[in-house]
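Asks:
Number of protein chains: 2
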Amino acid sequence: MEVLLKHKTIRKFKDQPVSSELLNQILTAGCRASTTGNMQVYSIIVSEDEDIKNQLIPLHFNQPVAKSAPILITFCADFHRFVRWCEMRNAEPGYDNFLSFLTAAIDVLLVAQNACIAAEDKGLGICYLGTTTYNAKEIIEVLDLPKLVFPVTTIAIGWPDENPPMVDRLPLEAVVHKEKYRSYTEGQINSYYAYKESLKESLQFIKENDKETLAQVFTDVRYKKGDNEYFSDKVLEVLKEQGFM
Amino acid sequence: MEVLLKHKTIRKFKDQPVSSELLNQILTAGCRASTTGNMQVYSIIVSEDEDIKNQLIPLHFNQPVAKSAPILITFCADFHRFVRWCEMRNAEPGYDNFLSFLTAAIDVLLVAQNACIAAEDKGLGICYLGTTTYNAKEIIEVLDLPKLVFPVTTIAIGWPDENPPMVDRLPLEAVVHKEKYRSYTEGQINSYYAYKESLKESLQFIKENDKETLAQVFTDVRYKKGDNEYFSDKVLEVLKEQGFM
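From first to last, the protein sequence lines are chains R and W. The first sequence begins at 9 in the working numbering and counts up one residue at a time. The second sequence begins at 9 in the working numbering and counts up one residue at a time.
Printed below as a string of structure tokens:
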């Protein structure tokens, strides 16, 4: 519980290796997560080699955290192995479809989060790289992912070389609904976002980007409509290529 | 770490309530999970009311675990609240697309897994209901989910009234790849699945279902091609209706 409450994303790591024994402990804890029908329809790609990492880093838009981490772990939805088992056992698989992708993506994200918590419990730091879905196509090429394997997320992991402050969260009542979804009044939105909007970093974000509101920093700079639409088309194309649609 | 390694899915709960204070602690820990750009693009629907639960249970195919649990928690990808904030702040949102769905789905699954770990740390038991994506359409109706909200998974949660044995997992080397994905030889598949195939429960599964192999129990009984294709079409239709495609 303490580990969960103390979580901070780490973006700067020491130049110090993570032993393979420790990594195995972390991934073993990862794989204890719930998995649909105990099928374990996922794979975990551990990249430590400089050459492979140097191919992956630009695909994560050269984020400094990706460069700093001694290990990048790519978590993949994977029906390839399961299907191969089925085919070897005179069983006709039917997992080349979108529902199976969703099932496998859910499975692997539970593993990823378990692994992150195990890592943090051991004193390591982690950062999720959301860029994985953006450049899934190129990551598939670098990591030689076969059909029915799709990279869902990546974590950068290593020994922390920074101790950033905790970041804010919306009040719990902003994200929890009792029994049914209730729509948000203007007053509620104002109240739920007030603290975030009042933070010094938020005001600095607005100023640096020459915007009027914090929301505009998201819509006009960080997560833009045009980019989202471009990468949506790209990711859907890759899901087709990988055999999930 | 211990909590992660001891995880067992619980399908039978005591007739004993979970206090709202404890539930809040668990969901607070859930919301400390990493979230894309600190946007928290998710919502959590807590259903305890008998009437609502009785509407949800058939949508989870009347699984006994759903009936047994005092609380069902539906974890939703949610850009609705964020978009409402943007609109109130003179910012033009562009999150009605598939990439944004993926982003939000990833976000909420990390929250769900954190919440499960927090719950288990407090002695509660959990079970993921994979049926959520199958019947997303009807769940959306019951829970009044607006556009840009999509139910990704549900957990049944309560005080355990059973203590099942740990379930098997594939050997770690079956799911972990070093540097790049390596294809599986026949020998590897045989070796990785040997333990699972040797289990008494597996042999019983095969016999009960009158099948030749364990894989056939998955392909012909549990996760059938026709069902997967039917529910794939359905879930893609719902993603469109909710504005994510």
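Note that the Cβ used here is the ideal one computed from N, Cα and C, for glycine as well.
Using beta-carbon positions only, say whether Ala85 (chain W) and Ala113 (chain W) come within less than 8 Å of one another.
Replies: yes
Asks: Could you check what DSSP says for Phe21 (chain R) in three-state terms: helix, strand or coil?
Replies: strand
Asks: Quick check on this structure: which residue in W:Phe87, W:Glu245, W:Leu64, W:Val150 has the alpha carbon closest to the alpha carbon of Val157 (chain W)?
Replies: Comparing Cα positions, the closest option is W:Phe87.
Asks: So Pro159 (chain R) is in the alpha helix (DSSP H); what residue range does that whole segment cover?
Replies: Per DSSP, Pro159 (chain R) belongs to no alpha helix (DSSP H); it is in the beta strand (DSSP E), 157-166.
Asks: For the putative contact between Tyr189 (chain W) and Asp104 (chain R), defined by C-beta atoms under 8 Å, what is the C-beta separation to the nearest angstrom?
Replies: No, Tyr189 (chain W) and Asp104 (chain R) are not in contact; Cβ-Cβ is about 18 Å, not under 8 Å.
Asks: Going by beta carbon distance, what residues of the same chain come within less than 7 Å of Lys61 (chain W), once the five residues before and after it are set aside?
Replies: Ser55, Leu80
Asks: Quick check: what's the CA-CA separation for Val73 (chain R) versus Thr162 (chain R)?
Replies: 12 Å
Asks: Let me make sure I understand the geometry here. Which of R:Leu107, R:Leu207, R:Thr82 has the alpha-carbon closest to that of Ala120 (chain R)?
Replies: The residue with the shortest Cα to Cα distance from Ala120 (chain R) is R:Thr82.
Asks: Please list, in chain order, the chain R residues whose beta carbon lies closer than 7 Å to that of Tyr201 (chain W).
Replies: The contacting residues are Trp93.
Asks: Taking the straight line between their C-alpha atoms, what separation do you get for Glu249 (chain R) and Glu146 (chain R)?
Replies: 12 Å
Asks: Could you give the C-beta distance for Ala57 (chain R) and Glu187 (chain W), rounded to a whole number, given that I count them as a contact under 8 Å?
Replies: According to the sequence provided, residue 57 (chain R) is Asp. The question's Ala does not apply to it. Rounded, the Cβ-Cβ distance is 5 Å, consistent with contact.
Asks: What residue range is occupied by the uninterrupted beta strand (DSSP E) comprising Thr3 (chain W)?
Replies: Here chain W comprises residues numbered 9 to 253, so residue 3 (chain W) is not present and cannot be evaluated.
Asks: Determine which residues of the stretch 91-116 of chain W have a Cβ less than 8 Å from any Cβ of chain R, and write them out in chain order.
Replies: Arg92, Trp93, Cys94, Met96, Arg97, Asn98, Ala99, Glu100, Pro101, Gly102, Tyr103, Asn105, Phe106, Leu107, Ser108, Leu110, Thr111, Ala113, Ile114
Asks: What separation, rounded to the nearest whole angstrom, lies between the Cα atoms of Pro159 (chain W) and Gly138 (chain W)?
Replies: 11 Å
Asks: By the three-class DSSP mapping on this structure, what secondary structure does Gly138 (chain W) have?
Replies: coil
Asks: Ordered along the chain, which non-local residues of its own chain (more than five positions away) have a Cβ less than 7 Å from that of Leu30 (chain W)?
Replies: The beta carbon of Leu30 (chain W) lies closer than 7 Å to those of Lys130 in the same chain, with the five residues before and after it left out.
Asks: So the alpha helix (DSSP H) Val54 (chain W) belongs to, where does it begin and stop?
Replies: Unbroken run through Val54 (chain W) is the beta strand (DSSP E), 50-55; no alpha helix (DSSP H).
Asks: With a 10 Å radius around its C-beta and 16 neighbouring C-beta atoms as the bar for buried, classify Asp23 (chain W) as buried or exposed.
Replies: Classification for Asp23 (chain W): exposed.
Asks: Could you give the distance in angstroms between the alpha-carbon of Lys37 (chain R) and the alpha-carbon of Glu220 (chain W)?
Replies: It should be pointed out that residue 37 (chain R) corresponds to Ala in this sequence rather than to Lys. Looking at the backbone, the Cα of Ala37 (chain R) and that of Glu220 (chain W) are separated by about 33 Å.
Asks: Using the DSSP secondary-structure output, state which residues sit across from Lys186 (chain W) in a beta bridge.
Replies: R:Val54, per the DSSP bridge assignment.
Asks: CB-CB under 7 Å to Ile277 (chain W), same chain, minus the five flanking residues each way: which ones, in chain order?
Replies: Nothing about residue 277 (chain W) can be read from this structure; chain W reaches only from 9 to 253.
Asks: Can you tell me whether Tyr231 (chain R) is buried or exposed? The criterion is at least 16 other CB atoms within 10 Å of its CB, across all chains shown.
Replies: buried
Asks: Helix or strand or just coil, what does DSSP make of Gly45 (chain W)?
Replies: helix
Asks: Determine the DSSP secondary structure at Gly133 (chain R), reduced to helix, strand or coil.
Replies: strand
Asks: Give the DSSP-derived three-state secondary structure of Gly38 (chain R) in the structure shown.
Replies: helix
Asks: For Lys233 (chain R), which option in W:Gln33, W:Ala77, W:Cys94 has the closest C-alpha, if you only look at C-alpha atoms?
Replies: W:Cys94 is the residue among W:Gln33, W:Ala77, W:Cys94 whose C-alpha sits nearest the C-alpha of Lys233 (chain R).
Asks: Counting only beta-carbon separations shorter than 8 Å, does Pro154 (chain R) have a partner in chain W?
Replies: yes
Asks: Looking at Gly195 (chain R): is its Cβ nearer than 8 Å to the Cβ of Val26 (chain R)?
Replies: no
Asks: CB-CB under 6 Å to Ala126 (chain W), same chain, minus the five flanking residues each way: which ones, in chain order?
Replies: Apart from sequence neighbours up to five positions away, the residues of its chain that approach Ala126 (chain W) with a beta-carbon distance below 6 Å are Ile34, Ala37, ordered along the chain.
Asks: Taking C-beta pairs closer than 7 Å, name the residues in chain W that Phe254 (chain R) reaches, listed in chain order.
Replies: In the structure as shown, chain R begins at 9 and stops at 253. Residue 254 (chain R) is therefore absent and cannot be evaluated.
Asks: Is there a Cβ of chain R sitting closer than 8 Å to that of Lys145 (chain W), yes or no?
Replies: Cβ-Cβ to chain R under 8 Å: no for Lys145 (chain W).
Asks: With 8 Å set as the bound, which would you pick, yes or no: does the beta-carbon of Lys75 (chain W) sit closer than that to a beta-carbon of chain R?
Replies: no
Asks: Apart from the five residues just before and just after Asp59 (chain W), which ones in its own chain have a Cβ nearer than 6 Å to its Cβ?
Replies: Nothing meets the Cβ criterion.
Asks: Tell me, please, whether the CB atom of Arg19 (chain R) is closer than 8 Å to any CB atom in chain W?
Replies: Among the CB atoms of chain W, none fall inside 8 Å of the CB of Arg19 (chain R).
Asks: Run through DSSP, which three-state label would Met96 (chain R) get?
Replies: helix
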